[in-house]
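Enquirer: Quick one: the structure is below, questions incoming.
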Amino acid sequence: DVTGPTSRIAAYGSYSYNLAITGKTKISFGAALGFQQYKIDGSQLVLSDQSTGTLGTAVEWMPDMNLGYWLSNPRYYFGASLNQVFQNKLKFSEISNGGNNKLNNHYFITGGYLFGYHTDLHFIPSVMIKFVNPAPVTFDLNAKFKYKEKVWLGVSYRREDAIVFLTGVTINRLVDVGYAYDYGMSPLSRQSSGSHEFMLGLR
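In my numbering, the protein residues as written are 12 to 214.
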């Protein structure tokens with residue numbers, strides 16, 4: 012990922028353990044362990060108090076780990092995850108004269124319920140809550156209708172950010188094809204007319 016003078020490269024290996032609790036209810040535990048490289052190209056930075064010379068390039072390598080679990084059955088699901096478990100510090104001494112920047116924990120909680128389990132038309136409301144200090148708590152509210160496990164329509168509201176419209180179809184129970192459109196509601200919408208996402212899933 013590259014954003015202006017900063018860039019990030021990461022690689023992970025992941026593993027999950029799945030356990031049947033009772034009937035069709037299952038729980039899964041997962042972990043991803045890997046490394047990250049953060050880089051700042053100081054030549055692209057101009058500081059207000061910079062008097063002489065050009066800032067150098069700072070590179071930090073560090074381990075990283077993410078954890079999560081998932082509880083589900085055909086009628087509901089609930090999950091939670093924690094990213095950047097180690098909360099590594101980015102010293103960047105070449106740029107910040109020894110100042111520290113910490114990679115804070117990211118928390119995610121999600122859950123949903125299926126109404127109309129014994130009918131052809133299913134209604135699936137769900138929510139995802141996201142938090143990282145010191146940013147405020149944010150959330151996604153979602154609602155999806157699915158007919159005969161073949162066609163779905165849905166809408167999602169992302170707090171102070173966007174409304175998302177989505178649709179899709181399942182072909183021969185093997186292929187999922189979907190489309191989503193994000194209509195921005197944040198100040199970024201002045202520079203963007205929204206985003207389009209096309210999805211292809213293979214079972």
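Backbone N, C-alpha and C define an ideal beta-carbon position, used for all residues, glycine too.
Strictly by DSSP, which residues pair up with L132?
Expert: On the sequence shown, position 121 is the one that residue 132 refers to. In the DSSP output, where bridge partners are listed per residue, L132 has Y158.
Enquirer: Could you spell out where the beta strand (DSSP E) holding M76 opens and where it closes?
Expert: Translated into the one-based positions of the sequence shown, residue 76 becomes position 65. The continuous beta strand (DSSP E) containing M76 extends over residues 68 to 84.
Enquirer: Which residues in the same chain have their Cβ closer than 7 angstroms to the Cβ of N29, if we skip the five residues on either side of it in sequence?
Expert: Counted from its first residue, the sequence shown places residue 29 at position 18. Excluding positions up to five away in sequence, the list reads K37, S39.
Enquirer: Can you tell me which of R214, L132, F176 puts its alpha carbon nearest to the alpha carbon of E2?
Expert: Residue 2 lies beyond the stretch modelled for the chain, which goes from 12 to 214, so this question has no answer here.
Enquirer: Give a yes or no on whether the C-beta atoms belonging to K50 and S18 are separated by under 8 angstroms.
Expert: Position 39 of the sequence shown, counting from 1, holds the residue named residue 50. Position 7 of the sequence shown, counting from 1, holds the residue named residue 18. Cβ atoms of K50 and S18: closer than 8 angstroms.
Enquirer: Whole-angstrom Cβ separation of L56 and G24, contact assumed at under 8 angstroms?
Expert: Walking along the sequence shown from the start, residue 56 turns up at place 45. Walking along the sequence shown from the start, residue 24 turns up at place 13. At roughly 34 angstroms, the Cβ-Cβ gap does not stay under 8 angstroms, so L56 and G24 are not in contact.
Enquirer: What does N94 pair with, by DSSP beta-bridge criteria?
Expert: Here residue 94 refers to the residue found at position 83 of the sequence shown. Note: N94 sits in a beta bridge opposite H117.
Enquirer: In the structure shown, what three-state DSSP assignment does R201 receive?
Expert: The residue given as residue 201 occupies position 190 in the sequence shown. DSSP places R201 within a helical segment (H, G or I) once states are collapsed to three.
Enquirer: By the three-class DSSP mapping on this structure, what secondary structure does Y54 have?
Expert: The residue labelled residue 54 in the question sits at position 43 within the sequence shown. Going by the sequence as given, residue 54 is Ser instead of Tyr. S54: helix per DSSP, three-state reduction.
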